[in-house]
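Accompanying notes for the structure given below.
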Amino acid sequence: MEIKDNELLRQFEIITNSGLVAIEYSIQERKLFLTKFCSNNNEDEELHNEFIKSVLEIALERKLKVVPTHSKFVSFFRKNRKYQEMLPPGIKL
């Protein structure tokens, strides 16, 4: 999966057969705030989860804590407990 970090628009992007899929973000004080998930009519839930996992790997490489602010990310963290350690102290899901 080829992920492009579009720093100008502050979003991670992948191109699929049905169009662009993007995760909008904001970085503040060594924290990656995941603010919006744009799927553009792509309803492949498995692709969405793989995309989120890849973005979390990028955050891990950059040594960033992750703050999910969009409901899709919150539900992902609840379903995938192994990523709970990436949350900053004080945030429980």
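The numbering of the sequence shown is our numbering, which starts it at 59 and goes up by one.
Beta carbons are placed, not taken as given, at the ideal position from N, Cα and C, and that holds for glycine.
If you're wondering where the values come from, they're calculated on a predicted model, not measured in any experiment.
DSSP on K89, reduced to helix/strand/coil? strand
Would DSSP call N64 helix, strand or coil? strand
Rounded separation between D63 and A80 - CA only: 10 Å
Count the other CB atoms, across all protein chains shown, that sit within 10 Å of the CB of L151; report buried if there are 16 or more and exposed otherwise. exposed
List the endpoints of the continuous alpha helix (DSSP H) containing K130. S129 to K137
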